[in-house]
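Under this note's numbering, residue 131 is the last one in the sequence shown; the count climbs by one each step, no gaps.
From the three backbone atoms N, C-alpha and C, an ideal C-beta is built for every residue, glycine too.
Fair warning: this is a prediction, and the values are worked out from it, not measured in the lab.
Take a look at the structure below.
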Amino acid sequence: MRERIVRRAALEMKSGMYVNLGIGMPTLASNYLPEDEVVMYQSENGLLGMGPFPRPGGEDPDLINAGKQVVTTIPGSSIFSSSESFAMIRGQHIDVAILGAMQVSAHGDIANWIIPGKMVERHGWSNGSCI
Numbered sequence: 001m002r003e004r005i006v007r008r009a010a011l012e013m014k015s016g017m018y019v020n021l022g023i024g025m026p027t028l029a030s031n032y033l034p035e036d037e038v039v040m041y042q043s044e045n046g047l048l049g050m051g052p053f054p055r056p057g058g059e060d061p062d063l064i065n066a067g068k069q070v071v072t073t074i075p076g077s078s079i080f081s082s083s084e085s086f087a088m089i090r091g092q093h094i095d096v097a098i099l100g101a102m103q104v105s106a107h108g109d110i111a112n113w114i115i116p117g118k119m120v121e122r123h124g125w126s127n128g129s130c131i
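Encoded structure:
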């Protein structure tokens, strides 16, 4: 089921788009984009131009996505505050925002909560990005 959801999310991305990948399963959606499609990925913690996950030994612990996974940048990337990142989403400067959520109802309602002891306790501002 997880892979099916991620593959479906990837269908929303088209070449030339700016796409926000939220915490959790959304970060996997880029794995299912056809190789001829070129998308500029944004992370809600303030990175536009995310590259692939780094190879072992090439990790920079200061360069992370919103889920605290180490990532890389691509030429032309830019780093900014998370408030600017959400302004880009809310201002509709990002074509698609694929949100991470702990629970989604059959009607599309999102619920998030704290997971004690987890590094990412909850999904942050994503509820405010839903349109």
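Legend entry - S43 versus H107: straight-line alpha-carbon distance, rounded: Going by the C-alpha atoms only, they are around 26 Å apart.
Inset, instruction - May I have the straight-line CA-CA distance separating S83 from G57, to the nearest angstrom? - result: The straight-line gap from Cα to Cα measures roughly 31 Å.
Inset, instruction - Work out the CA separation of V38 and L21 for me, nearest whole Å. - result: Here the alpha carbon of L21 sits roughly 15 Å from the alpha carbon of V38.
Inset, instruction - Report the rounded CA-to-CA distance for G16 versus S30, giving the unit in angstroms. - result: Their Cα atoms are separated by approximately 14 Å.
Legend entry - Under the three-state DSSP convention, the category V104 falls into: For V104, the three-state secondary structure derived from DSSP is strand.
Legend entry - Cβ neighbour criterion (16 or more within 10 Å) applied to V71: Result: buried.
Inset, instruction - For V39, decide whether its Cβ has a neighbour in chain C, counting only Cβ atoms nearer than 8 Å. - result: Note that chain C does not occur in the displayed structure, where there is just one protein chain.
Inset, instruction - Compute the distance between the beta-carbons of V96 and V6, then report whether it is under 8 Å. - result: Remark: C-beta atoms of V96 and V6 do not approach each other more closely than 8 Å.
Legend entry - alpha helix (DSSP H) segment containing A87, residue limits: S82 to R90 is the span of the alpha helix (DSSP H), which, as asked, contains A87.
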